[in-house]
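*Asks:* Structure in structure tokens, see below.
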Amino acid sequence: MSNHTIFDKILSKEIPAQIVYEDDFVLAFRDIQPQAPVHVLVIPKTKWVGFSALQDAAPLAVGEFFTRIAKVAAQLGLDAKGYRVVLNNGRDGQQTVDYIHAHILGGRGLTWPPG
Ligand code: 5GP
């Protein structure tokens with residue numbers, strides 16, 4: 001597992017991203033390959049490798065991360081019609097970047113179940 005992932009580089013502004021929200025706890029930016037009209041990734045500034053790592057994380061820090069996901073979705077105007085939050089974890093979960101990230105997907109009716 002790389003400890004200097006593409007998201008570490010986006011966080012440190014080494015590589016550019018379309019940032020939609022930033023505060024002391026998170027950075028949110030548009031996915032480079034959007035799967036919906038709105039597709040934003042939210043990463044915590046405290047790095048966890050993936051969702052599994054949250055079992056050992058400080059609950060307050062996890063709470064800051066999750067409240068920001070909801071806040072970003074609201075700021076993107078998604079509250080009225082709804083949206084989906086996805087956290088892919090590990091190989092079978094199709095996680096491709098070893099830095100925890102929440103996908104916010106919205107702007108169209110999404111199908112279920114996922115593949
Ligand atoms: P995962 O499959 O790990 O849950 O999601 C990783 C996401 O990161 C993918 O949706 C992919 O399109 C996105 N992504 C990969 N590289 C970059 C990049 O350099 N910039 C941005 N903005 N998104 C990226």
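Residue 1 is where the sequence shown starts when you use the working numbering, and the numbers rise one by one after that.
Yeah, the Cβ is synthetic: ideal placement off N, Cα and C, and Gly gets one too.
(1) Indicate, with yes or no, if the ligand 5GP has a heavy atom lying under 8 Å from the CB of F29.
(2) Which two residues bound the contiguous alpha helix (DSSP H) that contains V72?
(3) Hey, quick one: how far does the beta strand (DSSP E) through I100 stretch, first residue to last?
(4) Quick one: Cα of K45 to Cα of V26, how far?
(5) If you follow the beta strand (DSSP E) that I32 is in, where does it begin and where does it stop?
(6) Run the proximity test for I69: is its beta-carbon closer than 8 Å to any non-hydrogen atom belonging to the ligand 5GP?
(7) So, at 6 Å on beta carbons, what are the nonlocal neighbours of R120 in its own chain, with the 5 sequence-adjacent residues on each side left out?
(8) In angstroms with no decimal places, state the Cα-to-Cα distance between V72 and L41.
(9) Mapping DSSP to helix, strand and coil, what is I6?
(10) What three-state label does DSSP hand L11 in the structure shown?
*Replies:* According to the data block:
(1) For F29, the shortest C-beta to heavy atom distance toward the ligand 5GP is below 8 Å.
(2) 59 to 75 is the span of the alpha helix (DSSP H), which, as asked, contains V72.
(3) Run containing I100: none; DSSP gives neither H nor E here.
(4) Rounded to whole angstroms, the gap between the alpha carbons of K45 and V26 is 5 Å.
(5) The continuous stretches of beta strand (DSSP E) do not include I32, and DSSP gives it neither H nor E.
(6) Every heavy atom of the ligand 5GP is 8 Å or more from the Cβ of I69, so no.
(7) A question about residue 120 goes unanswered here, because the residues of the chain that appear run from 1 up to 115.
(8) Between V72 and L41, the C-alpha separation is close to 10 Å.
(9) Secondary structure of I6 (DSSP, three-state): helix.
(10) Here L11 carries a helix assignment [DSSP, helix/strand/coil].
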